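Here is the structure we will look at.
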Amino acid sequence: MATCVRDLNGCMYYKPTDNLTQDCKSNNQATQRSEEHLQSYGFNRRCFVGAVNSTTTQSYCYLPRCTGAKGSYTLQIQVGSTWHTCDNTGKIVVNSKVGDVNNTGHVSCPANVEAFCNRESTSCVNDCSGRGRCQKNGQCLCYAGFEGLDCGSMIATKTEWNRFGGIRTITKVKGCPQDEGDDHNSTCNNGTCLVNVGMCQCEVGWKGARCDQEDNLWTTNDTE
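Here my numbering is used: the first residue of the sequence shown is 162, the next is one more, and so on.
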């Protein structure tokens, strides 16, 4: 998925330290525990420390947003459906009600907002949609069958809300039979859909996101 980098708060950049199997960028990680803390999963999510609907400090996944320019960034963090702005107190206060559920607590802002936003500004667009590798120059190197600035040419997304107000972005790969898209009834044609990664594994001689393009591996310029 991605290299985990520990930030100044002792929180992993992509994965909370209290659950190393949990990846903020993976929408498959949403659980009952995560929902109760208004967490958010999917592309561009990051790890933050706080105590939301809890008496102990924990690591959570939320969506950040940096505005402004280098040297004067403002950082906002989306907790549930509400955007909170980091100020000089160093934390944001959570106090909301979703249905009959009262949500209370706080989320700590990064110790160095400027450094956090500088890092975000050089991140790859949409974390390469989980279908590519983010390079040091901030550009995506897309996996076979995917293209575009964020490798999202074959990706469809939608947002789901739980009863506590937590969010996750569901990723669907167009063409894989278990997923949705513009033509969700189609198959991988000349290949097999890998359910765990939402990608088609093509048979020899075929390529593309749906394995519908001939790959002339044995074509040469030789003539008989």
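All residues carry an ideal CB built from backbone N, CA and C; glycine is no exception. As the structure is a computational prediction, the values presented were derived from the model and not from experiment.
Within the continuous alpha helix (DSSP H) that includes residue i, where are the two ends?
i, result
"N279", "V274 to S282"
Can you tell me which of the options puts its alpha carbon nearest to the alpha carbon of residue i?
i, options, result
"R371", "E308, L378, G352 and V365", "G352"
"K186", "S242, G203, L199 and C349", "G203"
"R280", "T218, D373 and P225", "P225"
"A305", "C361, N205 and S242", "C361"
"I238", "N264, F209 and K231", "F209"
"D223", "G313, G309 and S242", "It should be noted that the sequence gives Tyr, not Asp, for residue 223. Y223 has its Cα closest to that of S242, out of G313, G309 and S242."
"K231", "K258, R207 and N273", "N273"
"W322", "D184, Y221, V240 and R207", "V240"
"S233", "V255, E275, S257 and R207", "E275"
Can you give the beta carbon distance from residue i to residue j, rounded, assuming they're within the 8 Å contact cut?
i, j, result
"C301", "V286", "7 Å"
"N205", "D288", "6 Å"
"N264", "V255", "6 Å"
Name the two residues that bound the continuous beta strand (DSSP E) containing residue i.
i, result
"S257", "K252 to V259"
"C219", "One point to set straight first is that residue 219 is Gln, not Cys, in the sequence displayed. Here the beta strand (DSSP E) through Q219 covers Q219 to T228."
"V240", "T235 to V240"
"K319", "I316 to W322"
"A212", "R207 to V213"
"T265", "V262 to S269"
"L310", "Neither: L310 is in no beta strand (DSSP E) and is coded neither H nor E."
"H245", "T243 to T246"
"L302", "C301 to C303"
"C363", "M360 to C363"
"R292", "From DSSP, R292 is part of no beta strand (DSSP E); its letter is neither H nor E."
Beta-carbon within less than 8 Å of residue i's beta-carbon, same chain only, minus the 5 sequence neighbours each way: which residues are those?
i, result
"S215", "H198 and G266"
"T283", "G299"
"Q374", "W367 and K368"
"L378", "V365 and G366"
"K258", "N264"
Who are the near neighbours of residue i in its chain, counting only those whose CB is closer than 7 Å to its CB and skipping five residues on each side?
i, result
"D376", "G366, W367 and K368"
"H345", "Residue confidence is low: H345 scores 41 on pLDDT, short of 50, so the model does not pin down where it sits. No coordinate-derived value is stated."
"Q296", "L302"
"A212", "T218, Q219, G266 and H267"
"L169", "The predicted position of L169 is uncertain, since its pLDDT is 45 and thus under 50; no value can be drawn from it."
"S201", "C222, Y223, L224, Q239, G327, I328 and R329"
"F307", "R292, G293, S314, M315 and A370"
Leaving aside the five residues before and after residue i along the sequence, list all residues of the same chain whose C-beta is less than 6 Å from its C-beta, in chain order.
i, result
"T235", "T228 and G229"
"G251", "C270"
"F277", "P271"
"L310", "V286"
"C312", "C289, S290, R292, G293, C301 and C303"
Are the region 244-258 and the region 283-292 touching by the rule of at least three beta carbon pairs closer than 8 Å?
-> Touching, no.
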